[in-house]
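Contents: one structure, followed by commentary.
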Amino acid sequence: MAMVKTKSSSRRSFLTKIWIGLGFAALLQFLAGAAFFLVSGKKRTDENRPQHIEAGTIADFMPGSVTLIAKGHLYLSRLDDGSFLAISRKCTHLGCAVPWIDERKQFECPCHASVFDITGNVIKAPAPRALDLYPISFERNMVMIDISRPIKRSTFTAEQPAYPQELG
Amino acid sequence: MSKNFLLHFRPRRVPAEGLRFTLTWGLGGMAALMVVLQLATGLLLGFFYEPLPVRAYESVQHIQSTIFLGRLVRNMHHWTGHALIIVVFLHLLRVFINGAFYPPRRRNWLVGLGLAVLILTANFSGYLLPWDQLSYWAVTIATSMLAYIPGIGISLLETMRGGNEVGTATLQLFYFVHTSLVPAALLLFMAYHFWFVRKAGGVLVPDTKHTTDGVKTKSVPVAELLIREMAFAAIVTCFLLLFSMVVDAPLGNMANSEVTPASVKAPWYFLGAQELLLHIHPFVAVCVLPLSISLFLVLLPFGKSKTGKPGRLITTIFIGGTLFLMGLTVTGILFRGPGMQWVWPW
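Chains as they are written, first to last, in numbering that gives the first Met the number 0: chain Y, 0 to 167; chain L, 0 to 345.
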């Protein structure tokens with residue numbers, strides 16, 4: 000009798016285990032499905048396609064000047080040697096919009112008082128690195144900026160500025 | 000029926016010593032009451048709020064200026080939300096000091112930590128909804144802190160914002176989290192939390208083991224407790240109501256992604272982290288420190304204690320850490336002016 004009893008209870012516990020196992024399998028399936036659902040919703044098709052905007056003609060920008068390109072959320076900075084840098088407006092510290100202060104010829108962040116020079120280089124911390132850049136190309140006399148992907152950099156280097164063709 | 004529910008939700012008799020106000024300071028009950036108030040005011044606001052960048056700000060203005068009692072309802076939702084963070088923090092502190100996190104209350108401590116995270120999430124997701132300059136840039140700064148987490152930081156940031164910058168997708172996500180995800184999770188966790196309190200035999204009455212040798216603790220009907228709770232709830236509700244009648248919730252200019260206002264800070268409960276970010280390596284400020292604090296809080300109830308209260312070392316670490324973070328937060332709130340320059344608040 001005792002044997003029968005243990006047998007039936009072990010059969011019951013076996014069935015219970017199967018149910019629990021099936022429950023876990025169902026839960027895992029749901030979680031996996033939910034994960035794929037969420038991740039595929041996040042992807043965007045135009046993510047890696049370049050997106051060019053026209054900033055203006057080369058002659059519009061004086062050497063040593065910085066111009067806000069509002070539709071790209073960036074600045075076009077023309078250095079004294081005539082080369083161009085497309086500088087992101089987003090502070091590298093915590094993402095505030097950095098205004099260009101023309102009297103002092105520098106970018107000054109209103110949030111935590113980081114300061115950047117005309118090339119986007121950090122003059123004063125807490126910003127950890129120079130302002131992001133966007134790739135520049137020239138089509139005839141037009142300055143074109145690819146705003147799809149900002150390029151991170153730690154400091155300004157000589158190969159970063161883009162030179163218009165006639166200057167070589 | 001409601002009387003039945005209120006009386007039978009808990010055991011028929013409770014220990015008399017558990018009624019003492021200074022045992023719990025009514026903090027857990029106060030937090031529960033405030034969540035109920037938030038649900039009530041939030042449900043009302045939800046009828047008129049429109050979660051789109053072009054409409055959100057206007058709809059909040061509409062609630063404030065043309066809807067009957069609209070300003071009061073929004074004020075209450077705003078101030079109760081801030082007060083809730085403080086009350087939950089004090090509740091956590093009280094439970095720690097009483098040692099009410101050791102078995103059999105270990106699991107409830109963990110559930111309580113989950114509730115604290117939910118309350119923070121509720122508050123932070125609600126921060127963006129008015130879509131004024133303050134909320135837009137505070138959320139920009141607070142989410143930017145995520146980017147300092149190595150490896151996953153950037154993708155975490157983009158997931159949270161639904162893109163590169165705070166915009167339509169961010170508002171939609173925050174609105175959903177604020178009005179669906181958090182309330183649903185909060186109710187489930189709260190039910191679990193209360194059930195565990197009952198399962199552990201009510202609130203922890205410290206020192207009973209030492210004082211009453213063989214003497215049975217006196218107990219009183221639960222109605223005694225209930226009437227005290229009702230009175231306290233009425234007082235707290237009155238205070239919140241009066242405060243909201245006198246002090247308006249802030250609403251600045253509409254959000255503008257072109258211009259960052261001069262004095263902009265993360266929400267006050269993240270100002271400790273923001274302050275740290277100015278002084279130490281970002282990896283430590285936004286990654287190592289929050290992780291070790293979480294780990295400490297989670298592992299806390301697994302330690303051993305002879306007296307039923309946390310030992311001296313644990314207490315020193317806990318209180319020291321709390322004071323340190325509070326100091327940083329107060330510094331961030333009071334002593335930082337435009338451009339994070341030092342200022343005197345008076």
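Cβ coordinates follow ideal geometry from the N, Cα and C atoms, glycine included.
Spatial neighbours of Y/V65 within its chain, please: CB distance less than 7 Å, with the 5 preceding and 5 following residues excluded, ordered by chain position.
Y74, S76, W99, I117
Going along chain L in order, which residues have a C-beta closer than 7 Å to the C-beta of Y/H51?
The contacting residues do not exist; Y/H51 stays about 17 Å from chain L at best.
If you drop the 5 nearest sequence neighbours on each side, which residues of the same chain put their C-beta closer than 6 Å to that of Y/I68?
A54, L75
As an exercise, report each continuous beta strand (DSSP E) stretch of at least 3 residues that is fully enclosed by the stretch 27-68 of chain Y, in chain order.
51-56, 64-68
Alpha-carbon spacing of L/L327 relative to Y/I135, whole angstroms:
43 Å
Alpha carbon of L/L298 to alpha carbon of L/G27, nearest angstrom:
22 Å
Just to make sure I have the definition right: I need the residues of chain Y whose C-beta is within less than 7 Å of the C-beta of L/T259. Which are they?
C95, A96, P109, C110
Quick check on Y/Q164: buried or exposed, where buried means 16 or more other Cβ atoms within 10 Å of its Cβ?
exposed
Cut-off 8 Å between Cβ atoms - residues of its own chain near L/I62, not counting five sequence neighbours on either side:
L44, F47, Y48, G69, R70, V72, R73
Using a Cβ cut-off of 8 Å, which residues of the stretch 275-296 of chain L contact any Cβ in chain Y, in chain order?
L276, L277, P281
Identify which residue in L/N122, L/E16, L/V94, L/P102 has its Cα closest to the Cα of L/Y268.
L/N122
Within-8 Å CB hit, Y/A129 to chain L:
no
Just list the residues that DSSP pairs L/M253 with in beta bridges.
L/D131
When you check each C-beta in the stretch 117-128 of chain Y against every C-beta of chain L, which residues fall closer than 9 Å?
A124, P125, P127
With a 10 Å radius around its C-beta and 16 neighbouring C-beta atoms as the bar for buried, classify L/V285 as buried or exposed.
buried
Touch check for the stretch 153-160 of chain L and the stretch 132-143 of chain L: three-plus C-beta pairs under 8 Å?
yes
Within 8 Å (strictly less), CB to CB, does Y/Q105 reach chain L?
no
In the structure shown, what three-state DSSP assignment does L/W24 receive?
coil
Nearest neighbour of L/G251, chosen from L/R12, L/S134, L/I66 [CA to CA]
L/S134
Give me, in chain order, the residues of the same chain whose beta-carbon lies closer than 7 Å to that of L/G166; leave out the 5 immediate sequence neighbours on both sides.
P52
Near-chain L residues of the stretch 68-83 of chain Y - C-beta to any C-beta below 9 Å:
A69, H72
Just confirm the distance between the C-beta atoms of Y/P149 and Y/D131, as a whole number of angstroms; I'd bet it's less than 8 Å.
4 Å
Output, in chain order, the set of chain Y residues within a Cβ distance shorter than 9 Å of L/V181.
Chain Y residues near L/V181: none, gap ~17 Å exceeds 9 Å.
Residues from the stretch 139-152 of chain L in contact with chain Y, defined by Cβ distance under 7 Å:
T139, I140, S143, M144
For the alpha helix (DSSP H) holding L/V13, just list the boundary residues, first then last.
From DSSP, L/V13 is part of no alpha helix (DSSP H) but of the beta strand (DSSP E) over 12-14.
Let's test the definition: count the other Cβ atoms within 10 Å of the Cβ of L/A183 and tell me whether it reaches 16, buried, or not, exposed.
exposed
Assigned secondary structure, Y/A18 (DSSP; H/G/I helix, E/B strand, else coil):
Residue identity check: residue 18 of chain Y is Trp in the sequence provided, not Ala. Y/W18 falls in the helix class under three-state DSSP.
Is there a C-beta anywhere in chain Y that falls below 8 Å from the one on L/D212?
Only weak support is given to the placement of L/D212: the predicted model assigns it a pLDDT of 48, under 50, and the question is left unresolved by the model.
Does chain Y have any CB closer than 8 Å to the CB of L/P266?
no
When the Cβ atoms of the stretch 97-104 of chain L are set against those of the stretch 273-293 of chain L, are three or more pairs found closer than 8 Å?
no
What first and last residue would you give for the alpha helix (DSSP H) that runs through L/M159?
152-160
Return no unless some Cβ of chain Y is closer than 8 Å to the Cβ of L/W136.
yes
In or out: Y/V38 buried (at least 16 other Cβ within 10 Å) or exposed?
exposed
Check whether L/L185 and L/V34 have beta carbons under 8 Å apart:
yes
DSSP-derived helix/strand/coil call for L/Y147
helix
If the criterion is Cβ atoms closer than 8 Å, does the pair L/L239 and L/M75 meet it?
yes
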